[in-house]
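Heads up: the structure comes next, in structure tokens.
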Amino acid sequence: MGETLENHAARVLGSIRPGIPADAALREYLAGTRSLGAVGRRSVSRAVFSYFRWLRWLEPGQSAQKRVVSALDRQARFERDSSSVKVEALAARAVPAWLGVEIDLTAGYLRQIQREPTLWIRTKIGTTAEIERSLGACERPVLPNPLSAPAGIAALRYRGTADLHRAPGFQSGAFEIQDLSSQLVGHACAPQPGETWWDACAGEGGKALHLSDLMRNKGLVLATDRSPRRLSVLRRRAARAGMFNYRAAVWTGAGPAPFRTGCDGVLVDAPCSGVGTWQRNPHARWTTSTDDVRELAAVQAALLARAAPSVKPGGRLVYSVCTLTRSETSAVADGFEGAHPDFEPAPLAIAAAPEVARIELLPQDLDANGMFIAAWKRLR
Ligand SMILES: C[S@@+](CC[C@H](N)C(=O)[O-])C[C@H]1O[C@@H](n2cnc3c(N)ncnc32)[C@H](O)[C@@H]1O
Numbered sequence: 003m004g005e006t007l008e009n010h011a012a013r014v015l016g017s018i019r020p021g022i023p024a025d026a027a028l029r030e031y032l033a034g035t036r037s038l039g040a041v042g043r044r045s046v047s048r049a050v051f052s053y054f055r056w057l058r059w060l061e062p063g064q065s066a067q068k069r070v071v072s073a074l075d076r077q078a079r080f081e082r083d084s085s086s087v088k089v090e091a092l093a094a095r096a097v098p099a100w101l102g103v104e105i106d107l108t109a110g111y112l113r114q115i116q117r118e119p120t121l122w123i124r125t126k127i128g129t130t131a132e133i134e135r136s137l138g139a140c141e142r143p144v145l146p147n148p149l150s151a152p153a154g155i156a157a158l159r160y161r162g163t164a165d166l167h168r169a170p171g172f173q174s175g176a177f178e179i180q181d182l183s184s185q186l187v188g189h190a191c192a193p194q195p196g197e198t199w200w201d202a203c204a205g206e207g208g209k210a211l212h213l214s215d216l217m218r219n220k221g222l223v224l225a226t227d228r229s230p231r232r233l234s235v236l237r238r239r240a241a242r243a244g245m246f247n248y249r250a251a252v253w254t255g256a257g258p259a260p261f262r263t264g265c266d267g268v269l270v271d272a273p274c275s276g277v278g279t280w281q282r283n284p285h286a287r288w289t290t291s292t293d294d295v296r297e298l299a300a301v302q303a304a305l306l307a308r309a310a311p312s313v314k315p316g317g318r319l320v321y322s323v324c325t326l327t328r329s330e331t332s333a334v335a336d337g338f339e340g341a342h343p344d345f346e347p348a349p350l351a352i353a354a355a356p357e358v359a360r361i362e363l364l365p366q367d368l369d370a371n372g373m374f375i376a377a378w379k380r381l382r
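Its first residue numbered 3, the sequence shown is counted upward by one per residue in this note's numbering.
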């Protein structure tokens with residue numbers, strides 16, 4: 003790598019500022035340091051993220067380089083033996099104090115978010131075995147109670163070291179990098195070929211692409227987002243994946259839907275505090291506030307209310323957020339139900355029990371992001 007790992011990481015840390023969080027700073031730095039290679043890039047990312055996982059254990063008076071070395075050392079010790087750090091210490095130092103008001107800080111949760119995250123891929127239907135063979139180092143997920151393995155689940159855990167963005171299967175659109183919990187949102191929607199689905203917060207298209215694949219490219223996915231930049235990434239990914247059954251349009255969420263179609267299903271994968279991603283993106287633990295949680299809960303409620311009229315009678319509305327705070331998840335779902343007597347809770351296709359209409363996916367249960375999903379059916 004030439005330059006030391008701690009020097010690279012220290013430079014990334016030095017470029018973080020308001021509006022440029024760790025993941026963006028890393029992307030920018032790595033794009034400008036091509037000589038690093040795949041292994042070097044991964045090492046720098048690991049160092050930066052370890053730094054933020056162990057931030058409150060580090061000596062503020064030390065140089066950034068020394069703190070990076072110390073964080074990597076703590077990470078390695080923890081990976082070898084997670085009981086080497088007491089749960090009380092994790093509760094006090096691994097997360098901000100306000101989190102304890104919003105979620106249950108169990109030992110399992112706290113230990114999980116201090117580990118290195120797992121890389122999950124989603125293969126297109128029918129290509130799983132082939133991708134597994136060509137990539138190697140893949141494992142199929144085991145879904146614990148209260149989940150049941152949905153038909154067509156095509157997730158693989160990748161334990162190898164190859165740069166997946168360069169793998170032929172990625173470039174041909176046969177697989178995407180997508181967290182397991184995020185894939186379970188698509189399965190919870192369970193769209194059928196020929197249906198019309200509106201992905202109201204489609205962003206860069208992670209879930210829209212999955213919906214299209216589950217629909218076997220038949221029917222229509224209306225993909226909207228308030229960000230034209232994100233939609234242009236979605237279009238690029240759709241072209242790579244051979245996804246044709248979609249239309250993309252800007253929708254800021256401020257007014258009604260940008261089309262008149264009644265939909266068989268609407269997915270509101272709403273903007274959220276992202277607490278469920280704090281294992282993968284630990285810098286956010288130190289930049290997210292209770293104000294963010296409160297404001298985003300209000301945005302989620304507004305988006306749900308504006309998207310709901312596009313669900314046709316008998317159709318389904320699915321709300322998902324990659325967070326676990328009560329103010330966003332269950333409080334928003336309760337608020338929606340209270341204000342919309344024309345919607346009733348609808349069973350989730352991913353749940354083992356038929357009456358489950360809301361589910362919290364916990365990082366420690368799935369070795370994946372935390373996620374909340376709720377579904378309703380519009381009454382006739
Ligand atoms: C969780 S992300 C969506 C991720 C995407 N569904 C995926 O699977 O890749 C939430 C999206 O909501 C969009 N959005 C739409 N209306 C918004 C609003 N009023 N405020 C904030 N974000 C909004 C954001 O641009 C962002 O892309």
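Positions of the beta carbon are idealized from the N, C-alpha and C atoms, including for glycine.
Per the coordinates, the alpha-carbon of Ser-72 lies some 10 angstroms from the alpha-carbon of Ala-49.
Between the stretch 116-129 and the stretch 83-92, the count of Cβ pairs shorter than 8 angstroms is three or higher; the stretches touch. Taking a 10 Å sphere around the C-beta of Gln-185, we find 16 or more other C-beta atoms and assign the residue as buried. The three-state reading of DSSP puts Ser-174 in coil, since its state is none of H, G, I, E or B. When the alpha-carbon of Phe-374 is set against those of Arg-249, Leu-182, Ser-234, Ala-304, the nearest one is in Leu-182.
Per DSSP, Lys-68 is one residue of the alpha helix (DSSP H) stretching across 66-82. Only residues of its own chain outside the window of five on either side were considered, and among them Thr-226, Pro-260 have a CB closer than 6 angstroms to the CB of Trp-253, listed in chain order. No heavy atom of ligand 1 is found nearer than 6 angstroms to the CB of Val-295.
Inter-residue distance for Phe-54 and Tyr-31 is about 17 angstroms (C-alpha atoms, whole angstroms). In the DSSP annotation of this structure, the continuous segment of the alpha helix (DSSP H) that includes Ser-45 starts and ends at 39-55.
In its chain, beyond the 5 residues on either side, Asp-165 have a beta carbon closer than 6 angstroms to the beta carbon of Ala-40. About 7 angstroms separates the CB atoms of Ser-150 and Ala-353; that is less than 8 angstroms, so the two are in contact. In the assembly as shown, Gln-180 is a buried residue. Its beta-carbon has 16 or more other beta-carbons within 10 Å. With a cutoff of 7 angstroms on beta-carbon distance, Thr-327 and Glu-134 are scored as not near each other.
The straight-line gap separating the alpha-carbon atoms of Phe-246 and Gly-267 is approximately 18 angstroms. Distance between Leu-145 and Leu-368, taken at the CA atoms: about 7 angstroms.
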